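Structure first, then comments.
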Ligand SMILES: Nc1ncnc2c1ncn2[C@@H]1O[C@H](COP(=O)(O)OP(=O)(O)OP(=O)(O)O)[C@@H](O)[C@H]1O
Ligand SMILES: [Mg+2]
């Protein structure tokens, strides 16, 4: 198998609250293989979002190395880190984080504006991505004209529009009803299975986690357990 | 194109807030323009003055007259090309509210020294021939529907009694800044009637002498020579350039003009505060969106540009609306005050200043919000949603 998609080596992270240092991640080390669908679970405040943000290049570790797609993120200056995110990571948020003034089409197109893709090709890409999430007929709708599930599907289309190898999702179904959640999770599974995306998903919901290959549990900033998920169809990662 | 659409839609997300801000901008910039125009109009008299004209008046105050026999002595001074004299009349036309400046002038020399009061040759001749003749500026003629040949009666305030005139001409201004509201008649007519009604003691007195000099550079020396001529006489004189004389008038109200000017800029400062508050509020509400854009890979300058563009868009919109409104409003305002402020016209500089003020407000209002947005902490910004 090729090099891991994600490698963490003795990662520490603390937040400063006034004069106080609040340690959140205390010496985490693990690999995530390419093509893996990993669910990150754990009690509230255990550091799941913090960990995800480090892997996605949104935040920096205090010490240790975060190596994603072969890149040591701690060594990238801010400017290059932003470019790296744009081309390597697709983001899915609990509250979708779509731009309310942009249509579904424009929201999905947003990351492509950072590339030099010509307009016509951008259009084709966006239409294809929206068709993939079943929203070909909602292109000119604004977020407030879409249901929560539809908005999250737009966000998924936006996350995969630049064809990044890694998709991070922080509680992507946290704000959705059961049916919409199942739909979104099915879609993530397809991205993983059919397009080979490595997916890291934070969730509180065991049923959501059951869609992943691997379930990783975090407790007070340390890795508590890492289990293969028997229920999930085995992916390409071993 | 996409960027502009995004900015435009962002600007109208809170329609009421943006509309109110826009109204504030328009009102403030309009007030700014009108106040500057008032100040301009104030100085217009000064700008209309000639740098070759010298005004001689009583050294104590304008209200004291000078004897007519000074005329020959002033004319005799070297460098003086011509001298005329005049009296402020201060009469009432029908009703006290109908104000326009009236002067008794020595018509022939007056028209020679003031070529900017333009008459046709026929009107000029008719005026000079008629002892009771008068001429009036185009603006006042229009205001009161006066036509050549009309009989006009003024009720004297300084010079009691009714005064009858025949309108012999309507002058137009030779320059944009020429005051077209004044009324002139023959000093000789005034003097004759005063002599009849009040006796010789009140006659042969003039309010001002105005001399035209041959060389503008020599004007200070000539002024000094005139005043020296009458030093130690019962009526000492004070001579100054027409510009200085007009400025003297203006400077009586210099503090007022300074206040008006200060207020005009204060208005801009206030709207800047309002606008900055709007933009700060807007940017704070969109913190999560900025964090999202940053997560997606957009750089801080992009966010700053978004905010600057939105602020400038509102400011420019307000500026253009205000600019468009200033002309009709100034015209209406000018009509209402034309009797007191003869030249109420919005200058191109004022329009430019308005536009510059609008853009400055747009830029400055966005400064802090843009700086903050550019520095938004992605992780904290994303947490702001949840
Ligand atoms: N910006 C911050 N400043 C200070 N403390 C922070 C900050 N962000 C997170 N923390 C703290 O770090 C710890 C871990 O936070 P994190 O958001 O990673 O938890 P989580 O596992 O994602 O929790 P949840 O399930 O509630 O989302 C918490 O105790 C939290 O209060
Ligand atoms: Mg979290």
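Protein chains in written order, with this note's numbering: chain R, 581 to 818; chain L, 12 to 397.
Quick reminder that beta carbons are idealized off the backbone N, C-alpha and C, glycines included.
Predicted, not measured: the structure shown is a model, and the values here were computed from it.
Answer with yes or no whether the minimum CB distance from residue i to chain R is below 8 angstroms.
i: residue 21/L; result: yes
i: residue 17/L; result: yes
i: residue 387/L; result: no
i: residue 7/L; result: Nothing about residue 7/L can be reported from this structure: the residues present for chain L run from 12 to 397 only.
i: residue 151/L; result: no
i: residue 30/L; result: no
i: residue 300/L; result: yes
i: residue 303/L; result: yes
i: residue 383/L; result: no
i: residue 295/L; result: no
i: residue 357/L; result: no
i: residue 348/L; result: no
i: residue 397/L; result: Here residue 397/L scores only 45 on pLDDT, less than 50, and its place in the model should not be relied on; the value that follows carries that caveat. Yes, because at least one Cβ of chain R sits closer than 8 angstroms to the Cβ of residue 397/L.
i: residue 272/L; result: no
i: residue 34/L; result: no
i: residue 390/L; result: yes
i: residue 341/L; result: no
i: residue 26/L; result: no
With a threshold of 8 angstroms between beta-carbons, can residue i be considered close to chain L, or not?
i: residue 665/R; result: yes
i: residue 679/R; result: yes
i: residue 659/R; result: yes
i: residue 809/R; result: no
i: residue 617/R; result: no
i: residue 704/R; result: no
i: residue 662/R; result: yes
i: residue 633/R; result: yes
Would you mind stating whether residue i and residue j have Cβ atoms separated by less than 8 angstroms?
i: residue 748/R; j: residue 687/R; result: no
i: residue 66/L; j: residue 253/L; result: yes
i: residue 283/L; j: residue 96/L; result: no
i: residue 782/R; j: residue 629/R; result: yes
i: residue 779/R; j: residue 631/R; result: no
i: residue 801/R; j: residue 627/R; result: yes
i: residue 193/L; j: residue 121/L; result: no
i: residue 648/R; j: residue 586/R; result: yes
i: residue 326/L; j: residue 291/L; result: no
i: residue 689/R; j: residue 713/R; result: no
i: residue 146/L; j: residue 182/L; result: yes
i: residue 118/L; j: residue 180/L; result: no
i: residue 250/L; j: residue 51/L; result: no
i: residue 140/L; j: residue 199/L; result: no
i: residue 681/R; j: residue 272/L; result: no
i: residue 299/L; j: residue 393/L; result: yes
i: residue 788/R; j: residue 803/R; result: no
i: residue 9/L; j: residue 381/L; result: The displayed coordinates of chain L run from 12 to 397. Any statement about residue 9/L would go beyond what the structure contains.
i: residue 372/L; j: residue 279/L; result: yes
Give the residues of chain B in contact with residue i, contact being defined as C-beta atoms less than 7 angstroms apart.
i: residue 610/R; result: This model lacks chain B altogether, as its protein chains are R and L.
Any heavy atom of ligand 4 closer than 7 angstroms to the CB of residue i?
i: residue 748/R; result: Absent from the structure shown: ligand 4. Ligands present: ligand 1 and ligand 2.
### Query
Listed in chain order, which residues of the region 307–328 of chain L have Cβ atoms closer than 8 angstroms to some Cβ of chain R?
307, 308, 309 and 310
### Task
Would you list, in chain order, the members of the region 715–748 of chain R that have their beta-carbon closer than 7 angstroms to a beta-carbon of chain L?
none
### Task
With 9 angstroms as the C-beta to C-beta threshold (strictly closer), list the residues of the region 680–695 of chain R near chain L in chain order.
680, 681, 682, 686, 689, 690, 691, 693 and 694
### Query
Below 8 angstroms, can you find three or more Cβ-Cβ pairs linking the region 758–774 of chain R to the region 643–660 of chain R?
no
### Message
Any C-beta of chain L within less than 7 angstroms: which residues of the region 636–650 of chain R qualify?
### Response
638 and 639
### Query
Is there contact here, the region 362–378 of chain L with the region 36–56 of chain L, by at least three beta-carbon pairs under 8 angstroms?
yes
#### Entry: Stretch-stretch touch, CB-based, cutoff 8 angstroms, three pairs: the region 162–174 of chain L with the region 120–137 of chain L
no
### Query
Could you name the residues, in chain order, whose CB is less than 7 angstroms away from a heavy atom belonging to ligand 2?
628/R, 629/R, 750/R, 751/R and 782/R
#### Entry: Interface residues of the region 182–200 of chain L facing chain R [CB-CB below 7 angstroms]
none
### Message
Is it the case that the region 601–616 of chain R contacts the region 671–685 of chain R, given that we only count it when at least three CB pairs across the two stretches are under 8 angstroms?
### Response
no
### Task
Decide if the region 330–338 of chain L is in contact with the region 721–740 of chain R; the criterion is three or more beta carbon pairs, one per stretch, under 8 angstroms apart.
no
### Message
Across the region 186–200 of chain L and the region 16–36 of chain L, are there enough close Cβ pairs to call them in contact, namely three or more that are closer than 8 angstroms?
### Response
no
### Query
Any contact of the region 386–395 of chain L with the region 302–313 of chain L, i.e. 3+ C-beta pairs under 8 angstroms?
yes
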